[in-house]
Amino acid sequence: MFSKEVYIKRRNRLRELVGDGLILILGNNEAPMDYPDNTYLFHQDCNFVYFFGLDHAGFAGVLDVDANEDTLYGNDVDIDDIIWMGPQPSVQELASNVGVSKSSQFSQLEKVVKEALAKGRKVHFLPPYRHDNIILLETLTGINPSMIQSYASIELVKAVIELRSVKDEHEIKELDMVCNTGYKMHVAAMQACKPGVLEQEIVGILEGISVSGGGLPSFPIILSQNGETLHNHYHGNILEKGKLMLTDAGATAASYYCSDATRTVPVGGKFTSKQKDIYNAVLAANNKGRELTKPGITYKEVHLAACKELTSHLQAAGLMKGNLEDSVAAGAHALFMPHGLGHMMGLNTHDMEDLGQNYVGFDDEVRPSSQFGLASLRMGRRLQEGFVITNEPGCYFIPALIDKWRAENINTDFINFDKLEEYKTFGGIRLEDDILVTKDSCRILGDRRIPITVEEVEDIMK
Ligand code: GLY
């Protein structure tokens, strides 16, 4: 948790941006795994963390914009709770820790919201994503759960995105730290990547490092020698020499800030020359993306430049052909890279995705595209100092997609389908760094870049 002044400042700005009414920020509750008392590790709502800082289940915060007053709602523990959980701070103490002067029992929240609605006041809430909070919102507002998303406040969504998109020095410190945990995870994965090892064994090592650093992995670890499946969570393969192992993994800090990096390494420690060609194509696209990243450019432009770099290398490898500009404009590279260059990162891995990707990654100037590949770009808008984004180009040989494009004669002017037949068992490569947009350019978060050149990777795997 940061100092209370940080949260006071954030809430003051939020009230200014939203302008009127009540702002309701719901915290998360415990989530049962298989019976009520056996819960998943508690994960707080990240908007609640941002404005109220507290890592406790069962709280909500209200910002009364018109009265210029904030209240924390929650229940004090009783003796039964103390027996099982130990002594706990009171709701009022928790509120004071984050600069909130008023606190109240949770049951009062219903009365306050209903009174505001009865007086015709606007009650702003964010799009809920947990079922218990959807039901709570129905109780508070009377809105049917099936309609609740459409009643979320666009003004509040936009205000929260405006604030959370630009990371301050406290947040950057946490992000650097959690990226250092990510560094350890990836180096451990590289060093464990040997023929005969079960993928799941390596996943367990990485989870342990993340937990030792403060929290669970920031999303279910993607680790597979079948890296052509973009989000492959199956970890039951025994690693085979000659394959590539793709690891997409990050940590969560105790403060909830995340890291998210990807590396792809040769099982056994030595790339073949065919692997090196594709690997270096992805590395060139990654480096191009980073070189261009700075305030003022749109991330869609950076995405397209990285795709162009990838295309030129794939042309040199004989897999693509034709005019470079036309090929990128047609989206031919999306056969190899059907996803976007990156996404915002912060308290969430896909930062603020609960608020709506079109608001987080796009605006009136840069609109989402419907072209295959480009449609999966999560972040397209103009970059500002303080944005944190991932830079994650990839190149995948997805047999079903290759067969589909070939059968349907898609982009035949730009793809050498005959040559591609030789690559159908190649797998996939993704290389991802977490990047902070600085005043004039950008930098990779963490003290050191995770090994990435062919030489660095082979050296660390020795
Ligand atoms: N790195 C996993 C994801 O971005 O979804």
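To get this note's numbering, take the position in the sequence shown, counting from 1, and add 23.
Ideal Cβ positions, reconstructed from N, Cα and C, are used throughout, including at glycine.
Since we're looking at a predicted model, the values are computed, not measured.
Burial state of residue i, where buried means 16 or more other Cβ atoms lie within 10 Å
i      : result
Gln131 : exposed
Met375 : buried
Asn346 : exposed
Asp43  : exposed
Tyr58  : exposed
Gly259 : exposed
Ile438 : buried
Trp428 : buried
Phe449 : buried
Phe65  : exposed
Asn61  : exposed
Pro240 : buried
Gly319 : exposed
Distance between beta carbons of residue j and residue i, contact taken as under 8 Å
i      : j      : result
Tyr322 : Arg404 : 7 Å
Val121 : Lys27  : 5 Å
Val183 : Asn51  : Val183 to Asn51, Cβ: 16 Å. No contact.
Gly396 : Met343 : Actually they do not touch by this definition, with Cβ atoms about 14 Å apart.
Glu251 : Tyr96  : No, Glu251 and Tyr96 are not in contact; Cβ-Cβ is about 48 Å, not under 8 Å.
Ala308 : Thr270 : Rounded, the Cβ-Cβ distance is 18 Å, inconsistent with contact.
Leu160 : Pro151 : 6 Å
Glu194 : Gly369 : 7 Å
Glu92  : Lys125 : 6 Å
Leu400 : Val460 : About 17 Å separates the two Cβ atoms, so there is no contact after all.
His154 : Val41  : Going by Cβ atoms, the distance from His154 to Val41 rounds to 26 Å, so no, they are not a contact pair.
Leu358 : Ile425 : 7 Å
Phe108 : Val100 : The residue you asked about is not Phe; residue 108 is Met in the sequence shown. That belief holds up - the Cβ atoms of Met108 and Val100 are roughly 7 Å apart, short of 8 Å.
Check whether residue i and residue j have beta carbons under 8 Å apart
i      : j      : result
Met264 : Pro218 : Per the sequence shown, the amino acid found at residue 264 is Lys instead of Met. Taking 8 Å as the Cβ cut-off, Lys264 and Pro218 qualify as a contacting pair.
Ala215 : Ile245 : no
Phe294 : Val72  : no
His366 : Gly384 : yes
Asn203 : Gly469 : yes
Val305 : Leu333 : yes
Ile412 : Ile458 : yes
Tyr382 : Lys181 : yes
Phe74  : Ile48  : yes
Leu149 : Leu378 : yes
Asp199 : Lys317 : no
Leu364 : Ala398 : no
Gly312 : Pro474 : no
Glu192 : Ser278 : no
Glu455 : Asp283 : yes
Val234 : Leu262 : no
Leu267 : Ala139 : no
Cys281 : Thr372 : yes
Residues bridged to residue i (per DSSP)
i      : result
Leu45  : Asp87, Val146
Val460 : Cys465
Tyr73  : The partner list for Tyr73 (beta bridge, DSSP) is empty, contrary to what the question assumes.
Arg405 : Thr321
Ala274 : Pro240
Val288 : Met268
Lys125 : Thr94
Met343 : Ile438
Arg453 : Gly417
Pro55  : Thr62
Cys330 : Cys330 is not bridged to any residue.
Ile412 : Met367, Ile458
CB contact below 8 Å: residue i versus chain D
i      : result
Thr295 : Chain labels in this structure do not include chain D; a single protein chain is all it has.
beta-carbon residue i near the ligand COA non-hydrogen atom, thresh 7 Å
i      : result
Asp271 : By its list of ligands, the structure shown excludes the ligand COA, since it contains just the ligand GLY.
ask   = Are the region 244 to 260 and the region 223 to 236 touching by the rule of at least three beta carbon pairs closer than 8 Å?
value = yes
ask   = Just checking, does the region 202 to 214 make contact with the region 270 to 287 on the three C-beta pairs under 8 Å criterion?
value = yes
query = Pairing CB atoms from the region 51 to 69 with CB atoms from the region 86 to 105, are three or more of them under 8 Å?
reply = By the Cβ criterion, the region 51 to 69 is not in contact with the region 86 to 105, since fewer than three pairs of Cβ atoms, one from each stretch, lie closer than 8 Å.
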